[in-house]
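Numbering (the numbering used here), first residue to last: 4 to 691. Note that the Cβ used here is the ideal one computed from N, Cα and C, for glycine as well. These notes are about the structure you will find just below.
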């Protein structure tokens with residue numbers, strides 16, 4: 004497989020990238036280089052080329068070199084466009100047509116064309132769309148950051164024409180790309196969700212990896228220590244460390260305000276801000292000069308001299324030592340960005356042993372949920388930032404738990420695992436294996452603790468599934484589409500033909516390309532009938548014992564809470580008193596979901612059965628917990644796996660179910676074989 008990456012923004016080279024050299028030379032370049040490095044280790048990938056712009060003059064002569072060999076099967080090619088000099092992302096739209104022409108010509112000179120193009124940022128996607136139109140090569144799109152998110156941060160009154168143009172380009176990219184790669188659920192479900200072209204079934208969450216070994220093994224360095232300590236009166240205090248480009252989106256000013264307005268925090272800690280590399284502030288690109296001036300003004304306003312360090316320069320290989328500096332003094336890492344699409348520095352800092360205080364907007368939601376390595380805060384609330392920092396600094400037990408959680412980052416965010424999933428998706432896009440259109444049977448199972456939960460059982464299921472030629476396979480889960488798909492692909496599950504998600508309130512069907520999905524519009528219309536989400540939310544406000552789950556767990560047709568069985572009953576009573584109809588589902592003793600009255604896993608399975616025109620005896624369902632009750636109750640061929648919870652096997656409405664002796668996915672197979680034998684026996688008895 005030959006993969007061509009197109010990345011027009013910033014100053015890209017194969018090694019020794021000077022991050023912060025321009026406003027656009029940031030995390031997306033690090034992402035691309037790390038992805039390419041991991042991809043090159045896969046034998047299935049035969050060639051990788053990164054295509055970027057060639058330009059002369061500042062920032063230096065390296066970026067006018069047409070080709071750069073990086074490794075045996077990895078190269079970098081620089082192609083000219085209409086303008087000879089460096090162009091910022093705001094100016095890049097003027098280079099698209101000319102660059103695309105030169106890229107098409109370059110592809111024509113290759114012995115074999117790329118199998119797929121991967122576009123990084125919207126203008127690259129505009130180039131890729133031209134390539135696809137001219138040469139028929141499909142493209143994948145990674146936005147890295149989005150214009151609508153920036154517009155929301157700036158406020159409507161501050162939106163400039165270039166931002167409006169950027170948003171339109173992103174809309175076109177979302178509409179055209181064969182697949183969209185997101186780094187986090189927040190990006191996939193919230194950020195992309197604000198676009199008219201948003202199609203959730205064509206977005207995949209693939210968290211980036213990070214080469215964390217060098218951060219886990221980080222050690223202090225006297226030179227690095229000296230560059231920081233020269234600013235500080237008490238250099239042995241725990242530091243609050245921030246490491247980011249000095250651009251407005253990174254919101255470093257909020258951290259200075261949080262520190263400056265909290266005498267207690269100043270007493271407990273120093274503040275260390277490593278904000279790119281500069282010789283002269285006036286020479287900085289984009290809004291970086293203005294951002295740094297704002298920081299200096301705030302430091303002066305709060306009279307923080309001797310408490311705040313803001314070194315002018317650092318080398319890329321200094322970063323592990325910077326984290327070690329903070330760790331050795333009992334400090335923590337702070338990312339106050341208004342939005343952070345992913346947050347590689349959070350993983351690095353965690354691997355180095357630093358607890359986190361991070362923005363609640365973007366990828367940090369996934370990282371902190373996965374690793375349990377810190378606290379999320381509203382980046383617009385300096386008092387909340389200060390309170391979170393103080394909590395970690397003064398609660399030794401909590402700090403220790405965050406450090407332990409951070410050690411899990413290397414396993415959770417690994418580039419080789421990322422590349423394996425990424426390549427599997429690209430290969431599937433190219434193979435285009437369509438789903439069964441007229442299956443003879445249908446199997447729908449829960450995911451957590453039913454399909455997954457035992458690696459060897461899932462491996463057995465994969466082999467068994469590959470031999471079931473007439474069987475359509477699907478899942479029914481409480482997870483959102485993107486959360487479910489991430490788990491399935493991480494566990495290398497067979498790809499479902501149908502996805503019933505959010506406890507049955509949403510249905511997605513596998514497209515003809517065998518990779519992307521389309522939401523079931525008829526089902527959405529059916530569950531919308533009589534659904535008063537706002538009224539239900541209001542009626543349940545401040546109900547004792549009812550605690551909302553996180554924002555990402557709330558869906559258009561699902562409200563999710565934590566609560567015990569008594570709380571679930573009070574929810575039903577409160578809704579009844581308010582004259583509101585809803586389906587209240589309680590599972591695992593603590594999860595409580597409120598859905599439209601017509602929505603459940605059971606009714607969703609029946610909807611899918613009707614679409615396929617299958618008789619009742621052709622459908623199998625399998626589950627393990629309370630949110631599977633309605634699905635199991637409504638189907639004659641219901642399977643309860645051996646590792647069930649919530650007293651499922653003794654549930655009065657499930658007496659007809661088959662309780663497997665095997666757990667997890669082996670229990671699913673056992674149940675299907677049981678019912679098939681029963682049907683075969685009944686058929687033979689009839690003909691005898």
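When you compare each of the options to residue i by their alpha carbons, which one comes out closest?
i: residue 678; options: 338, 662 and 251; result: 662
i: residue 261; options: 386, 109 and 116; result: 386
i: residue 394; options: 560, 530, 379 and 138; result: 379
i: residue 540; options: 62, 584 and 32; result: 584
i: residue 45; options: 594, 6 and 21; result: 6
i: residue 48; options: 670, 77 and 65; result: 77
i: residue 257; options: 287, 231, 239 and 298; result: 298
i: residue 368; options: 555, 86, 420 and 177; result: 555
i: residue 346; options: 305, 263, 224 and 252; result: 252
i: residue 467; options: 62, 374, 335 and 675; result: 675
i: residue 244; options: 209, 301, 327 and 189; result: 327
i: residue 557; options: 610, 86 and 506; result: 506
i: residue 569; options: 587, 559 and 562; result: 587
i: residue 190; options: 479, 286 and 344; result: 344
i: residue 527; options: 560, 80, 670 and 286; result: 560
i: residue 621; options: 627, 608, 633 and 631; result: 608
i: residue 490; options: 421, 332 and 330; result: 421
i: residue 713; options: 566, 113, 537 and 109; result: Residue coverage of the chain in this structure runs from 4 to 691, which leaves residue 713 outside it and unanswerable.
i: residue 141; options: 157, 117, 156 and 147; result: 117
Spell out the partners DSSP gives residue i in its beta bridges.
i: residue 612; result: Its beta-bridge partners do not exist; DSSP assigns none.
i: residue 142; result: 120
i: residue 182; result: 143
i: residue 659; result: Bridge partners of residue 659: none, in fact.
i: residue 448; result: 478 and 625
i: residue 245; result: 276
i: residue 502; result: 478 and 511
Note down, in chain order, each residue of its chain lying with its Cβ closer than 6 Å to the Cβ of residue i, except the 5 sequence neighbours on either side.
i: residue 475; result: 439, 442, 445 and 500
i: residue 639; result: 619
i: residue 248; result: 23, 29 and 279
i: residue 88; result: 58 and 60
i: residue 389; result: 261, 265 and 268
i: residue 295; result: 249 and 284
i: residue 15; result: 32 and 55
i: residue 498; result: none
Here's the rule: buried if 16 or more other CB atoms are within 10 angstroms of the residue's CB, otherwise exposed. What is residue i?
i: residue 98; result: buried
i: residue 30; result: buried
i: residue 12; result: buried
i: residue 624; result: buried
i: residue 66; result: buried
i: residue 27; result: buried
i: residue 397; result: exposed
i: residue 18; result: exposed
i: residue 194; result: buried
i: residue 316; result: exposed
i: residue 407; result: exposed
i: residue 103; result: buried
i: residue 650; result: exposed
i: residue 1; result: This structure does not reach residue 1, given that the chain is present from 4 up to 691, and the question cannot be answered.
i: residue 648; result: exposed
i: residue 594; result: buried
i: residue 504; result: buried
i: residue 596; result: buried
i: residue 532; result: exposed
i: residue 459; result: exposed
For residue i, collect the residues of the same chain with a Cβ closer than 7 Å to its Cβ; drop the 5 residues on either side in sequence, then sort them by chain order.
i: residue 664; result: 645 and 673
i: residue 174; result: 198, 199 and 200
i: residue 162; result: 154
By Cβ distance below 8 Å, which residues in the same chain neighbour residue i in space, the five residues on each side in sequence not counted?
i: residue 515; result: 435, 437 and 438
i: residue 461; result: 454, 455, 494, 495, 496, 667 and 668
i: residue 126; result: 11, 12, 92, 95, 96, 98, 99 and 172
i: residue 37; result: 211, 212, 213, 214 and 418
i: residue 259; result: 274, 276, 298, 301, 302, 305, 307 and 311
The region 144 to 151 touching the region 163 to 179, judged by at least three CB pairs closer than 8 Å:
Yes, since at least three Cβ pairs between the region 144 to 151 and the region 163 to 179 fall closer than 8 Å, the two stretches touch.
Does the pairing of the region 336 to 345 with the region 222 to 241 give three or more beta-carbon distances under 8 Å?
No: fewer than three Cβ pairs fall under 8 Å.
Is the region 127 to 139 touching the region 316 to 334 in the sense that three or more CB pairs, one from each, lie closer than 8 Å?
Between the region 316 to 334 and the region 127 to 139 there are fewer than three C-beta pairs closer than 8 Å, too few to call the two in contact.
With a cut-off of 8 Å, do at least 3 Cβ pairs link the region 204 to 222 to the region 307 to 315?
Contact fails: fewer than three Cβ-Cβ distances are below 8 Å.
Give a yes or no on contact between the region 571 to 585 and the region 508 to 522, applying the rule of three or more CB pairs nearer than 8 Å.
The region 571 to 585 makes no contact with the region 508 to 522, as fewer than three CB pairs between them are under 8 Å.
Under 8 Å: do the region 178 to 187 and the region 202 to 212 share three or more Cβ pairs, one atom per stretch?
Cβ pair count under 8 Å is three or more, so yes.
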